[in-house]
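Student: When we follow my numbering, the leftmost residue of the sequence shown carries the number 4, and every step to the right adds one.
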Amino acid sequence: MNAKRKPLSMNAYTVETFDDVAGRLSVASDTGLRFWSPVDAASIHGVLWFAELQRQVTAAFPDRKALIVLDCGDRGDLAHAAMCEGLRVICFRGSSVMLEKLRSIADQLGATIEAQHPSLARAD
């Protein structure tokens, strides 16, 4: 795991690679951890990068139920593509109209949409 990676919150870690996820899973006994992509990662790295990362993590750690949350920023097209590629949790911060449409699709696919990336949360 990249030593510079810090938790975003108690159970939120930013990941970009399999080694990032594997490193955290090797020291945690939790199941069902959510690993967050960097902000706007769908635009930067692409949807397929994180879809494949999720497949690799699921294959390597089937009992851990770890989920990759792909941040799609305000890009509805990338959010839709991510769900179609099998990602079950995404983050979308676009318009409320697009969010409503994406939630309808998410319901059909069994996916969840988060509306705030933990690293952008205000520390009030």
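Don't be surprised by glycine CBs; every beta carbon is placed ideally from N, CA and C. These numbers come from a predicted model, not from an experiment.
1. Leaving out five residues before and five after residue 101 in sequence, what residues of the same chain have Cβ atoms less than 7 Å from its Cβ?
2. Kindly list the residues whose CB is nearer than 6 Å to the CB of residue 82, restricted to its own chain and excluding five residues on each side of it in sequence; keep chain order.
3. So, is residue 40 buried or exposed, given that buried needs 16 or more other C-beta atoms within 10 angstroms?
4. Please state the DSSP three-state secondary structure of residue 74.
5. Around the Cβ of residue 22, are there at least 16 other Cβ atoms within 10 angstroms (buried) or fewer (exposed)?
6. Buried or exposed: where does residue 65 fall if 16 or more other Cβ atoms within 10 Å of its Cβ makes it buried?
7. Mind checking whether residue 84 and residue 38 have CB atoms under 9 Å apart?
8. Quick one: Cα of residue 117 to Cα of residue 73, how far?
9. In angstroms, rounded to a whole number, what distance separates the CA positions of residue 24 and residue 111?
10. Considering only the alpha carbon of each residue, which of 71, 114, 89 and 42 lies closest to residue 122?
11. Hey, quick one: how far does the alpha helix (DSSP H) through residue 20 stretch, first residue to last?
12. On the CB-based measure, 16 or more other CB atoms within 10 Å of its CB, does residue 71 come out buried or exposed?
Tutor: Let me spell this out:
1. 79.
2. Annotation for residue 82: 75, 93, 95 and 105 place their beta carbon closer than 6 Å to its own, counting only its chain and skipping 5 residues before and after.
3. Burial call: buried.
4. In the structure shown, the three-state DSSP call for residue 74 is strand.
5. Result: exposed.
6. Answer is exposed; the Cβ neighbour count stays below 16.
7. With contacts defined as CB atoms closer than 9 Å, residue 84 and residue 38 fail to qualify as a contacting pair.
8. A straight-line Cα-Cα distance of about 10 Å links residue 117 and residue 73.
9. Near 28 Å, if we compare the C-alpha coordinates of residue 111 and residue 24.
10. Residue nearest to residue 122 within the set 71, 114, 89 and 42 is 42 (criterion: CA-CA distance).
11. Element bounds for residue 20: n/a, residue is neither H nor E.
12. Within a 10 Å sphere around the beta-carbon of residue 71 sit 16 or more other beta-carbons, which makes this residue buried.
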